[in-house]
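Numbering (the working numbering), first residue to last: 171 to 250. Backbone N, C-alpha and C fix where the C-beta goes; we use that ideal spot for every residue, glycine too. First comes the structure, then the notes that go with it.
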Amino acid sequence: MKIKMEREKLIDSLESLDDEKAALREELHDRTIECEKIEKENNALLAELIEEYGEETIMNLLNAQSTDSVAGGGQGSKNS
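Right, dumping it as structure tokens:
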């Protein structure tokens, strides 16, 4: 009887993990689509900026921003 209960418990755990895995796959899919959408928006904005200010100016700004991010510890840190 004890083995049967343990087996049932394992089956329940397995089903729960399968459900969680399916939910995580769906969330990953949704976020991938969202990321692709944001990437397209960013590329469109970058194209507009390049058209307005020139490629060299925008690339210089992006390079400066990249250098500041590395020197300042990354992700949005600002040097005061």
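How many Å lie between N212 and E196 at the Cα?
-> To locate residue 212, count along the sequence shown from 1; it is residue 42. To locate residue 196, count along the sequence shown from 1; it is residue 26. Answer to the nearest angstrom: the Cα atoms are 24 Å apart.
Span of the alpha helix (DSSP H), counted from its first residue to its last, around M229 = Here residue 229 is taken as the residue at index 59 of the sequence shown, counted from 1. Here the alpha helix (DSSP H) through M229 covers E225 to A241.
Inter-residue Cα distance where the pair is E225 and T237 = Taking the sequence shown and counting its residues from 1, the one referred to as residue 225 is at position 55. Taking the sequence shown and counting its residues from 1, the one referred to as residue 237 is at position 67. Their Cα atoms are separated by approximately 18 Å.
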